[in-house]
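In what follows, a single structure is set out as structure tokens and then discussed.
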Amino acid sequence: MENFMVFDVGGTNVKYAVINEDGEFLVKGEFPSSRYDFDKFRDDITSITIENKQKYDVAGLAFSCPGGVDSETGIIGGYSALPCIHGPNFKEVFGVATGLPVEIENDANSAALGEVWKGAAKDNQNVLFVIIGTGIGGAVIKDRKIHKGANLHGGEVGYMVMDIQKENGGQHTVRTWSHLAATGALVKEVAKVKGMDPSEINGKMIFEAAQSGDQDCVEAINNFYLYLAQGIFNIQYVYDPEKIIIGGAISSRSDLIEQINKKLDLIFVSVPFARVRPVIETCHFKNDANLLGALFHYLQQQNKKASIHIS
Numbered sequence: 075m076e077n078f079m080v081f082d083v084g085g086t087n088v089k090y091a092v093i094n095e096d097g098e099f100l101v102k103g104e105f106p107s108s109r110y111d112f113d114k115f116r117d118d119i120t121s122i123t124i125e126n127k128q129k130y131d132v133a134g135l136a137f138s139c140p141g142g143v144d145s146e147t148g149i150i151g152g153y154s155a156l157p158c159i160h161g162p163n164f165k166e167v168f169g170v171a172t173g174l175p176v177e178i179e180n181d182a183n184s185a186a187l188g189e190v191w192k193g194a195a196k197d198n199q200n201v202l203f204v205i206i207g208t209g210i211g212g213a214v215i216k217d218r219k220i221h222k223g224a225n226l227h228g229g230e231v232g233y234m235v236m237d238i239q240k241e242n243g244g245q246h247t248v249r250t251w252s253h254l255a256a257t258g259a260l261v262k263e264v265a266k267v268k269g270m271d272p273s274e275i276n277g278k279m280i281f282e283a284a285q286s287g288d289q290d291c292v293e294a295i296n297n298f299y300l301y302l303a304q305g306i307f308n309i310q311y312v313y314d315p316e317k318i319i320i321g322g323a324i325s326s327r328s329d330l331i332e333q334i335n336k337k338l339d340l341i342f343v344s345v346p347f348a349r350v351r352p353v354i355e356t357c358h359f360k361n362d363a364n365l366l367g368a369l370f371h372y373l374q375q376q377n378k379k380a381s382i383h384i385s
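Counting from 1, position 22 in the sequence shown corresponds to residue 96 in this note's numbering; the numbering is continuous, with no gaps.
Printed below as a string of structure tokens:
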């Protein structure tokens, strides 16, 4: 059975694992992300890979990364919290550095593929994934494969415009789903009401304060769930998936689905002609979904190349 080195590149930390072809984890760890220094980023990745390559006879290298990942070329476009990863060709750089075949996929797409392979979507064909964090990302699964779109922006549901307000002087304030329903948006909203710097609080603190009776936090959370429900309703009627699956740290809350469904009840009362209710679930693998999905993408790509070569 072959083993693979897999990295989940995040804005704060890079998670890594050695995983076998059946999706079993042999090693797990993480280290701080290097935001601006690609040479350090490359060296950190390479040293860990070489160490585990020798120990576990690693056969390939897979990445889950933020941004507009072109999985064919190995180049990351767009922007993310890690400026240094945009531009270098991952397949060339890390292929030369490690001597291994390399595949790379977007982080939200990787999370989706992990759930398609082994998790909440293993029995489904058409699914929409929503990844909620500092912003909102997503992935469209069509016939159990990622639909990337003409510009590699398929599934970028965080860009949905949810509200436009005309301000004094004729200017317009446009708010997207990420502006309103990300956990980062919840933090900013509470910080604004409290007159605090957003760096002083986090989502966990807000939910704990609400549970203790803090009405500012209670109201902000109610709005947060309402905006989540609004976006999920829209997604259901645009794509009509079998399921909408939610990932990100917020998905660990046991009452998440219940609270979203309560807000959906309000929407369906106001839109009586809408008959299709979204089926919502949370990711099964939580923080491991990206790692599993990056490997699943690697296996899909390598199998495709082998088939083309054979034919």
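Glycine is no exception: its CB is placed at the ideal position from the N, C-alpha and C atoms.
A quick note: this is a predicted structure, and the numbers were derived from the prediction, not measured.
Original post:
Do I309 and V231 have their C-beta atoms within less than 8 Å of each other?
Top reply: yes
Subject >> Range of the contiguous alpha helix (DSSP H) that encloses M279 >> reply: G277 to Q285
Original post:
Whole alpha helix (DSSP H) runs in the region 112-176 with 4 or more residues, listed along the chain?
Top reply: 112-130 and 164-172
Subject >> Straight-line gap, P106 to N297 (C-alpha atoms, nearest Å) >> reply: 33 Å
Subject >> Euclidean distance between Cα positions of P315 and P175 >> reply: 34 Å
Original post:
Would DSSP call D82 helix, strand or coil?
Top reply: strand
Subject >> Reference S184, options L373, N163 and K129, closest by Cα >> reply: L373
**OP:** Quick one: using the 10 Å Cβ neighbour count with 16 as the cut-off for buried, is V143 buried or exposed?
**Re:** buried
Original post:
Nearest to V170 by alpha carbon, out of Y153, G134 and N180?
Top reply: G134
Subject >> Beta-ladder partner(s) of H221, from DSSP >> reply: V214
Subject >> Per DSSP, the bridge partner or partners of K317 >> reply: V201
Original post:
Helix, strand or coil: which one does DSSP assign to S385?
Top reply: Below a pLDDT of 50, predicted positions are generally treated as unreliable, and S385, at 34, falls in that range; no measurement from the model is reported.
Original post:
If we call anything under 8 Å between Cβ atoms a contact, is Y90 one with V214?
Top reply: no
**OP:** Count the C-beta pairs between the region 318-329 and the region 202-214 that are closer than 8 Å, then say yes if the count reaches three, no if not.
**Re:** yes
Original post:
Does the distance from the C-beta atom of A284 to that of I295 stay below 8 Å?
Top reply: yes
Subject >> Proximal residues to A186 (C-beta, below 6 Å), its chain only, five neighbours per side dropped >> reply: F203, A213 and I215
Original post:
Can you tell me whether N180 is buried or exposed, with buried defined as 16 or more other CB within 10 angstroms of its CB?
Top reply: buried
Subject >> Coarse secondary structure for T250, derived from DSSP in three states >> reply: strand
Subject >> Strand pairing of V92, partner residues [DSSP] >> reply: M79 and V101
Subject >> For I178, the residue or residues it bridges with in DSSP >> reply: F137
Subject >> Cutoff 8 Å; reference I124; Cβ partners in own chain excluding five residues on either side >> reply: T172
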